[in-house]
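S.K.: Below you will find the structure I want to go over with you.
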Amino acid sequence: MEYRKGNGLPFFNHIMCGIIGYTGAEAAAPKLLTGLRTLEYRGYDSAGIALSDEPILTVKAKGRIDLLETKVKEQGSLPQTCGIGHTRWATHGAPSDVNSHPHRTAHLCLVHNGIIENYAELGEELKHDGYSFASETDTEIAACLIDRFYRESGEPVSAIAAACKRLRGSYAFGILFEDRKNVLYAVRKDSPLIAVHTGQEGVIASDIPAVLAYSHTYYRLEEGVIAELSRETIRFWSPDGREVTQQSETVDWNVEQAQKGGFPYFMIKEIHEEPTVLRKTVEARLSAEGLPFFGVKRIDEIARGDFDSIQIVGCGSAMHIGLVGRTLIEDLARIPVSVEIASEFRYRDPIVGKRDIVILISQSGETADTVAALRHAKEKGAFTLAIVNVIGSTVAREADGVIYTWAGPEIAVATTKAYSVQGAILYLLAIKLAIANHRISEKEAKTLCFSLLREIPDAVQRILNGKEKIAETARLIQNAEHVFFIGRKADWDICVEGSLKLKEISYIHSEAYATGELKHGTISLVTDGTPVIALMTQEDVCEKTVSGIREVKARGAFVVSVCRESLAKKYEIPCDACLTVPDTEELFSPLVAITALQLLAYYVSEGKGIDVDKPRNLAKSVTVE
Ligand code: G6P
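If you use our numbering, the sequence shown corresponds to residues 219 to 843, in order.
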C-alpha cells in the first residue's frame, strides 16, 4: 500500500457532495453532467463521471463542472448509456484530479458522499491483502473493501452488504461493477440518497431537484438497503440479501422551480419567490377559523403549557431564524426560549429532558449537526419538533413531530426563502402558544394570522418592487473591507442573518451588533467611511438606535438605515442612505426587512462579480460534522 501523507495514512477525507447515477437508453454522459449541475450547490471543488463499459471509463477534473464538461467533450463520442457522477466539497484531502471521485478499483468504480471513520484500520487490512491506493481519500478505501468482497463472491449485492457491515461512518454510494454492464448499485447510511425508475430509465441522486426531470415519485433508500437499477427495473435488497420493497414518496415540486427561470442566479429568483412561498406556508397552517393549526398532536399539549422549556436548535441561517423565534415566543407568549447552535448542542451536554421541547430547524433536513442534535435530544427524552423544508428528510423522519415549510426547492447556497418561511412558521407557533397562555385572545390571534397571510407577503413584494434602490445602495458599500449591522430586539436578530448573508456571498468582513453593545469595543473598528447598516423596525427602541447611529457617525461611519416607512417619517435619522420597509404589524416587520438585507447582500455580491449561488468554500447541505 502506498501511503502519501505525513503520518503514512491517507488524508481523512471529510466530504459532502452530490451524487448522480443514470441507466437507460440514452447517452449517459450529458445526463450525468446535467444532474451534476443541479447538485453543484452541494459542492464544487472537483467533479467526475464514470461510464459503464469494459473497461469503465472515468473523467475527472478539479474545479467547476464546466471544466469537467470540457474534458468530457475532449473524449469525443461517448455512447455509453449508464454511469455515475460526483461533485465534491472537500474539507480535508485537497481538491485535485486524483482525489476527485469516482474512484476505481480492479472490478468497480464508486462515488461517495460521507465519511468513513475507520478508514485507517481498514486501509491496513487491505494493504495486507495487496491493495494500494492512488488517492488520499477514505472513499478509495471503501471502494477497495467492496472490491475485496466482490473478488470473493462475484456477486455485487452481497459484496456491498459485506463491506457495509465493516464500514463505520456515513456514506451514500453509487457503484458500477465492470462486468455488470449498464447496472447501477446504490446504498446509504446517514447520508442522503434517492432513486427513481420510470420503467425505461433509472436514476440515483443526492437530492430531489436532480431527479425532477425524470419523475416526481422517488424512493428515499432506507439505511442499509441496496438498490440495483437496470434500464428495465429497480430492485432492492436488505443487508442480509432478501429482496425487499421500498416506500415511494411524491413531491409536487416542478422542474421550473429547480431552474433559474430567466433570473441570472438562483438566489435572486428565490428571493422573488418569497411572497408566494410565505402565503403558501401560512395558508397551509391555518384552520377554517383562521387560527394556527399544525396537525401535530403534541403541539396542543405544548400549547397548554405542559412542558418546562423550549430550545431551538439549528445551524447557520436556520439557527438565526431561531433567534427571531425566541424574541417572538418570549414577547408574545411569555415563554422562555433558548437558541442553541446545533454543532455545540450535544457536546455542551445541555439540560434537556422529558418535559422539554427541542425545535430543530433545517431547510434540507440533512445537516449532520442538526441530525446529531435531534438524536441527542431524543435520547434525553425531549419532545422533538422539526421545522423542515425537504419532505421525508432525515430530520423530518426522525423527529417526534414535523411542520413542513413550503419553500419549494432551494438551490442557491445562501438560503433566503427557506429562512423566511421558517420565520412564518415560528410566528404561527408563537401565536398558538400566546393563545394557550392567555396572552392574546383568539380574536387578536386571527388578526395577526390574517396579517401574516396577506399583509406580509404584500409588503415583501413591495420591497422586491423597489429593489433598484437597494441595488444602488449596494454599489455604495461594495468596496468596503468591513461592514457592521446594528439593531435592537428583533432587529438585532435579523442583523445577524443580514450580516451572515453579506459576508458569505460578498467576502466582505461583516459583524452584527446589538446597538447597545457597540461602545463596548466594536466602535473602535469604525473609521472614516465604514458602512454601518442600522435596522429600525421596532418603534420602542428606535430612538436608542438613532443614538447609536449618532455615535458611529461621529466616528465617520457611512450609515445606511433600513427603516419602517412611518418611523423614517417620524424620526430624524442621521443616515447617509435610507432604505424603507413598508409598514406592517410591527411584530412582523423583521420578516419583511430581512428581504431588503438579502437583496442588499445579493447586489453587493453580484456587483463584485462573484458567483452568487456558489460562494467559495461553502456548500448548501453540510452532511458531515
Ligand atoms: C449551510 C448553508 C446555510 C444553512 C445551513 C443549515 O451552511 O449554507 O444557508 O443555513 O447550512 O442548513 P439547513 O439545511 O440545516 O437549514
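Beta carbons: idealized from backbone N, C-alpha and C, even for Gly.
Using CA atoms only, rank isn't needed, just tell me which of S724, E488, F454 is closest to Q679.
M.R.: Checking every option, the nearest Cα to that of Q679 belongs to E488.
S.K.: To the nearest whole angstrom, what separates the beta carbons of I530 and V557, a pair I think is in contact under 8 Å?
M.R.: Right, their Cβ atoms sit about 5 Å apart.
S.K.: If we count the other Cβ atoms within 10 Å of its Cβ and call it buried at 16 or more, is K788 buried or exposed?
M.R.: By the neighbour-count rule (16 or more Cβ atoms within 10 Å), K788 is not buried but exposed.
S.K.: At the level of alpha carbons, what is the spacing between I333 and C327?
M.R.: About 17 Å.
S.K.: Spell out the partners DSSP gives L328 in its beta bridges.
M.R.: DSSP lists H321, I393 as partners of L328.
S.K.: Is the beta carbon of A379 closer than 8 Å to that of G459?
M.R.: Closer than 8 Å, so yes.
S.K.: Residue ranges of each alpha helix (DSSP H) run of no fewer than 4 residues wholly in the stretch 671–707, ordered along the chain?
M.R.: The stretch 671–707 contains these whole alpha helix (DSSP H) runs: 674–683, 685–695.
S.K.: Distance check for S264 and P457, CA to CA, integer angstroms please.
M.R.: Rounded to whole angstroms, P457 to S264 spans 31 Å at the Cα level.
S.K.: Got a sec, what are the start and stop residues for the alpha helix (DSSP H) K664 sits in?
M.R.: Looking at the DSSP string, the run of the alpha helix (DSSP H) that includes K664 is 660–668.
S.K.: Determine the contact status of D831 and A630, defining contact as a CB-CB distance below 8 Å.
M.R.: Contact flag set, yes.
S.K.: Just the C-alpha distance for A692 and V620, rounded to the nearest angstrom, thanks.
M.R.: Using only the alpha carbons, I get a separation of about 38 Å.
S.K.: I'd like the list of long-range same chain contacts for K598, defined as Cβ closer than 7 Å, with 5 residues on each side in sequence excluded.
M.R.: Excluding positions up to five away in sequence, the list reads V570, G571.
S.K.: Would you report the Cα separation of I237 and S527, rounded to the nearest angstrom?
M.R.: Each residue's alpha carbon lies about 40 Å from the other.
S.K.: With distance defined between alpha-carbon atoms, name the residue in L394, E287, A708 nearest to Q756.
M.R.: Taking only the C-alpha atoms, the option nearest Q756 is A708.
S.K.: For P833, is the classification buried or exposed, using 16 other Cβ atoms within 10 angstroms of its Cβ as the cut-off for buried?
M.R.: Its Cβ being crowded by 16 or more others within 10 Å, P833 is buried.
S.K.: Could you work out which residue in Y240, G392, S505, G626 is closest to F877 when comparing CA atoms only?
M.R.: Here the chain covers residues 219 to 843 and nothing more, so residue 877 does not appear.
S.K.: Using three-state DSSP, classify A730 as helix, strand or coil.
M.R.: Note: A730 maps to strand in three-state DSSP.
S.K.: Within 7 Å: the Cβ of A536 and any heavy atom of the ligand G6P?
M.R.: Yes.
S.K.: When the Cα of C362 is compared with those of H325, S371, E699, G774, which residue comes out closest?
M.R.: That would be H325, whose Cα lies nearest to the Cα of C362.
S.K.: Which runs of the alpha helix (DSSP H) spanning at least 4 residues fall entirely within the stretch 801–843, listed in chain order?
M.R.: The qualifying runs are 807–825.
S.K.: Please state if the CB of T276 and the CB of R322 are separated by a distance shorter than 8 Å.
M.R.: For R322 and T276, yes; Cβs fall inside 8 Å.
S.K.: Using the beta-carbon count (16 or more within 10 Å), is E354 buried or exposed?
M.R.: So E354 counts as buried.
S.K.: What are the boundary residues of the beta strand (DSSP E) that includes V495?
M.R.: It is not in any beta strand (DSSP E) - V495 instead sits in the alpha helix (DSSP H) that spans 492–501.
S.K.: Look at the alpha carbon of E258 and the alpha carbon of I283, and state the distance between them as a whole number of angstroms.
M.R.: Straight-line Cα distance between these residues: approximately 8 Å.
S.K.: Contact check, P427 vs T256 under 8 Å by CB: the rounded distance?
M.R.: So it is a contact: roughly 5 Å between Cβ atoms.
S.K.: With respect to 7 Å, is the separation between the Cβ of K862 and the closest non-hydrogen atom of the ligand G6P below this value?
M.R.: Any question about residue 862 goes unanswered here, given that the chain covers just 219 to 843.
S.K.: What span of residues does the alpha helix (DSSP H) with S376 cover, start to end?
M.R.: Taken as a continuous stretch (DSSP letters only), the alpha helix (DSSP H) holding S376 covers 374–384.
S.K.: So, are the CB atoms of V778 and C760 less than 8 Å apart?
M.R.: Contact: no.
S.K.: What's the gap between the Cα of E441 and the Cα of D746?
M.R.: Those two C-alpha atoms are separated by around 57 Å.
S.K.: Decide yes or no for the touch test of the stretch 239–254 against the stretch 364–377: beta carbon pairs closer than 8 Å, at least 3 of them.
M.R.: Flag = no, the stretch 239–254 and the stretch 364–377 do not touch.
S.K.: Given the structure, does T602 come close to the ligand G6P, in the sense that its CB is under 7 Å from one of the ligand's heavy atoms?
M.R.: Checking every heavy atom of the ligand G6P against the Cβ of T602, none is found closer than 7 Å.
S.K.: Flag this pair as yes or no: are the beta carbons of Y637 and E715 separated by less than 8 Å?
M.R.: Cβ atoms of Y637 and E715: closer than 8 Å.
S.K.: Report the start-end ranges of each beta strand (DSSP E) in the stretch 587–672 that is 3 residues or longer and not cut off at the edges.
M.R.: You should have 601–606, 619–622.
S.K.: Comparing C-alpha positions only, which one of A663, G610, V469 sits nearest to L550?
M.R.: Of the listed residues, the one whose Cα sits closest to L550 is A663.
S.K.: I'd like to confirm something about C533: is its beta-carbon nearer than 7 Å to some heavy atom of the ligand G6P, or not?
M.R.: Yes, the Cβ of C533 comes within 7 Å of a heavy atom of the ligand G6P.
S.K.: Taking 7 Å as the cut-off, is the beta-carbon of Q816 closer than that to any non-hydrogen atom of the ligand G6P?
M.R.: No.
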